[in-house]
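Residue numbers (the UniProt record's numbering): 1 to 314.
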């Protein structure tokens, strides 16, 4: 198939190069004298980043370019089977070409000037360097690109996703209807398991309270642990919350209050305090906290973040 290429780019040559070979493709060609007689050399297919690619080398310059300069070799990266891409889909890559230097025993690196990332699509299936390497430089034995009528070229193709995640974070202070009273029915100080309130809604999310007797630390068994739990958070979304949690007493002056905060997600959806109040205060028959087997709370959401996410073509 015919491959479409964009306008001619400038190149950057890293003569110092590196000792490590190209990560994705390398070809050793011999004899070089016969290579230079070819109009086009097409490599075999190689895989990088989940896609298939090949190289196209024009030893006498690209014949399809107007004003072709035959003193330069042209080298291109071709995407195989681009019709598998969606109509608007783009594959973003950072590609490099290599030529082995037998004098320094390193790989000289060739890149496009000022364009670290380029995009392939159904319309753009070929990118590269029309002026990859001058024939004069290549043919001069002093420059080290040929030895015993052999030469080595290569390529690396680092693929990025064609879409990126865009996120808009809105921090809301004192959201509407941010104070809720909830209860844990049938609360028992003898229970060894966590106990939960019914779900309640503040902002776009539902919440629950989780309470249990402290299990770890120096004060093990001596404190009530209280945690605010977000319900049904979407995967990969993180939400910030600040809240005041109050355990209510018959005598409001004896309410126990603490401020908690945290970044919540679908994996870690708790924020709270493991030493919220003394456990013995709950066990007092006239302590005023447990009434008719119910433990009452007031939850005041002070700050909450809302996140909108979308995909954007790079």
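All C-beta atoms, glycine included, are put in the ideal place defined by N, C-alpha and C.
Tell me which same chain residues have a C-beta within less than 8 Å of the C-beta of residue i, skipping the five on either side of it?
i	result
residue 6	Low confidence applies here, because residue 6 scores a pLDDT of 44, under 50, leaving its location unreliable and the question unanswered by this model.
residue 32	146, 149, 150, 151
residue 293	185, 186, 187, 188
Which one or two residues does DSSP pair with residue i in a beta bridge?
i	result
residue 128	76
residue 56	42, 76
residue 118	93
residue 84	The partner list for residue 84 (beta bridge, DSSP) is empty, contrary to what the question assumes.
residue 133	73
residue 154	26, 98
Residues in the same chain with beta-carbon distance under 6 Å from residue i, minus the five sequence neighbours each way, listed in chain order, please.
i	result
residue 25	46, 154, 155
residue 73	59, 132, 133
residue 194	210, 212
residue 122	82, 85
Among the options, which has the Cα closest to the Cα of residue i?
i	options	result
residue 150	138, 160, 157, 158	138
residue 190	282, 111, 169, 96	282
residue 76	84, 40, 232, 193	40
residue 228	166, 199, 130, 56	199
residue 89	35, 120, 27, 142	120
residue 319	210, 28, 34, 141	This structure does not reach residue 319, given that the chain is present from 1 up to 314, and the question cannot be answered.
residue 23	48, 44, 223, 29	48
residue 14	36, 51, 97, 83	97
residue 226	91, 103, 299	299
residue 54	122, 44, 63	44
residue 28	52, 57, 51, 50	57
residue 78	106, 180, 91	91
residue 221	280, 82, 177	280
Spatial neighbours of residue i within its chain, please: C-beta separation below 7 Å, excluding the five flanking residues on both sides.
i	result
residue 101	17, 108, 144, 145
residue 204	306
residue 261	241, 242, 271
When every heavy atom of the ligand FAD is checked, does at least one fall within less than 7 Å of the C-beta of residue i?
i	result
residue 251	Absence of the ligand FAD is noted for the structure shown, with no ligands found whatsoever.
- [ ] Give a yes or no on contact between the segment 247 to 255 and the segment 277 to 295, applying the rule of three or more CB pairs nearer than 8 Å.
- [x] Contact between the segment 247 to 255 and the segment 277 to 295 is present, because at least three Cβ pairs lie under 8 Å.
- [ ] Inspect the CB distances between the segment 257 to 275 and the segment 227 to 241 and report whether three or more fall short of 8 Å.
- [x] The segment 257 to 275 makes contact with the segment 227 to 241: 3 or more CB pairs, one atom from each, lie closer than 8 Å.
Task: Inter-stretch contact (C-beta, 8 Å, three-pair minimum) for the segment 240 to 248 and the segment 268 to 277 - done: Yes, they touch.
Open item on the list: Report the start-end ranges of each alpha helix (DSSP H) in the UniProt domain "MATH" (177 to 301) that is 4 residues or longer and not cut off at the edges.
Closed with: Those alpha helix (DSSP H) runs which fall completely within the UniProt domain "MATH" (177 to 301) and span 4+ residues are 279 to 283.
Open item on the list: Below 8 Å, how does it come out for the segment 297 to 312 and the segment 161 to 181: are there three or more Cβ pairs, yes or no?
Closed with: Under the Cβ criterion (8 Å, minimum of three pairs), the segment 297 to 312 counts as touching the segment 161 to 181.
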